[in-house]
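**Q** Can you read through this structure? Questions will come right after.
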Amino acid sequence: MSEHETYLREAVEIARANVAEGGRPYGAVIVRGGEVVARAANGIHVSHDPTDHAEMAALRAASRKLGKPKLDGCIVYASGQPCPMCHAAMRLAGVERGYYAFTAEEAEAEGLLSAGIYAELCRPAEEQPMRVSHLKLDGEPNVFREWSERRKT
1 MSEHETYLRE
11 AVEIARANVA
21 EGGRPYGAVI
31 VRGGEVVARA
41 ANGIHVSHDP
51 TDHAEMAALR
61 AASRKLGKPK
71 LDGCIVYASG
81 QPCPMCHAAM
91 RLAGVERGYY
101 AFTAEEAEAE
111 GLLSAGIYAE
121 LCRPAEEQPM
131 RVSHLKLDGE
141 PNVFREWSER
151 RKT
């Protein structure tokens, strides 16, 4: 069995234990340089936080442990295909690679969401069910520029 399979099976076991505790079938393991940096299960059933996905919880734990928001050199192993939120968070954190055991389509067939959300996000913004619109605030200084200028000092 490869190292990737070992960590992926661990993520699935975390997911299985979470199901036994009343949670959703998602578990994640983050590894860097052959060392496990973080493990987490989906915690929505406990926290009632819709962002408390296994990958998000593992990213937060890994960032705390490593003392930085960038997780360069890290690999994420997830029981299921990361949803768009988790996928984006992994990219923002600089995760270099990810593996998952079960597809979004397999999850959707059992009543879980994510394959449909991926499909929706591929549609033009005006065709998506949730509208997000730009509303220019006249006279409001650009906070992004303020941030950029502050970094230069």
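Numbering (full-length UniProt numbering), first residue to last: 1 to 153.
Every residue gets a Cβ at the ideal spot worked out from N, C-alpha and C, and that includes glycine.
Taking the C-alpha atoms as reference points, what is the distance between residue 87 and residue 107?
**A** To locate residue 87, count along the sequence shown from 1; it is residue 87. To locate residue 107, count along the sequence shown from 1; it is residue 107. Approximately 16 Å, taken between the alpha carbons.
**Q** Using only the alpha-carbon positions, how far apart do residue 58 and residue 112 sit?
**A** As a working note, residue 58 is residue 58 in the sequence shown. As a working note, residue 112 is residue 112 in the sequence shown. The straight-line gap from Cα to Cα measures roughly 20 Å.
**Q** Determine whether the beta carbon atoms of residue 77 and residue 31 lie at a separation below 8 Å.
**A** On the sequence shown, residue 77 is found 77 positions in, with the first residue counted as 1. On the sequence shown, residue 31 is found 31 positions in, with the first residue counted as 1. In this structure, residue 31 lies closer than 8 Å to residue 77 by Cβ.
**Q** Note down the Cα distance separating residue 136 from residue 33, rounded to an integer number of angstroms.
**A** Within the sequence shown, the letter at position 136 stands for residue 136. Within the sequence shown, the letter at position 33 stands for residue 33. The straight-line gap from Cα to Cα measures roughly 45 Å.
**Q** According to DSSP, residue 31 sits in a beta bridge with which residue or residues?
**A** On the sequence shown, residue 31 is found 31 positions in, with the first residue counted as 1. Answer is 36, 75, bridged to residue 31.
**Q** Say whether the segment 9-29 touches the segment 44-54, bearing in mind that this needs 3 or more beta-carbon pairs closer than 8 Å, one atom from each stretch.
**A** Contact holds: three or more Cβ-Cβ distances are below 8 Å.
**Q** Just verifying my parser: in three-state terms, what is the DSSP assignment at residue 100?
**A** Numbered from 1 along the sequence shown, position 100 holds the residue referred to as residue 100. Of the three classes helix, strand and coil, the one that applies to residue 100 here is strand, per DSSP.
**Q** With a 10 Å radius around its C-beta and 16 neighbouring C-beta atoms as the bar for buried, classify residue 39 as buried or exposed.
**A** In the sequence shown, counting from the first residue as 1, residue 39 sits at position 39. Buried, since its Cβ has 16 or more Cβ neighbours within 10 Å.
**Q** Return the bridge partner residues of residue 41 from the DSSP annotation.
**A** On the sequence shown, position 41 is the one that residue 41 refers to. For residue 41, which the question treats as bridged, DSSP gives the partners 27.
**Q** What separation, rounded to the nearest whole angstrom, lies between the Cα atoms of residue 81 and residue 93?
**A** Within the sequence shown, the letter at position 81 stands for residue 81. Within the sequence shown, the letter at position 93 stands for residue 93. The straight-line gap from Cα to Cα measures roughly 17 Å.
**Q** Go through its chain and collect everything with a Cβ distance to residue 103's Cβ below 8 Å, but skip five positions before and after it.
**A** Here residue 103 corresponds to residue number 103 of the sequence shown, with the count starting at 1. 80, 81, 115.
**Q** With DSSP collapsed to three states, give me the class of residue 94.
**A** Along the sequence shown, one-based indexing puts residue 94 at 94. DSSP places residue 94 in coil when its eight states are reduced to three.
**Q** Do you know how far the Cα of residue 8 is from the Cα of residue 1?
**A** Here residue 1 refers to the residue found at position 1 when the sequence shown is read from its first residue. Here residue 8 refers to the residue found at position 8 when the sequence shown is read from its first residue. Cα to Cα, the separation comes out at about 11 Å.
**Q** Suppose the cutoff is 6 Å on Cβ atoms and the five residues either side in sequence are ignored; what does the same chain contact list for residue 12 look like?
**A** Residue numbering aside, residue 12 sits at position 12 when the sequence shown is read from its first letter. Closer than 6 Å at Cβ, skipping near neighbours: 79, 101.
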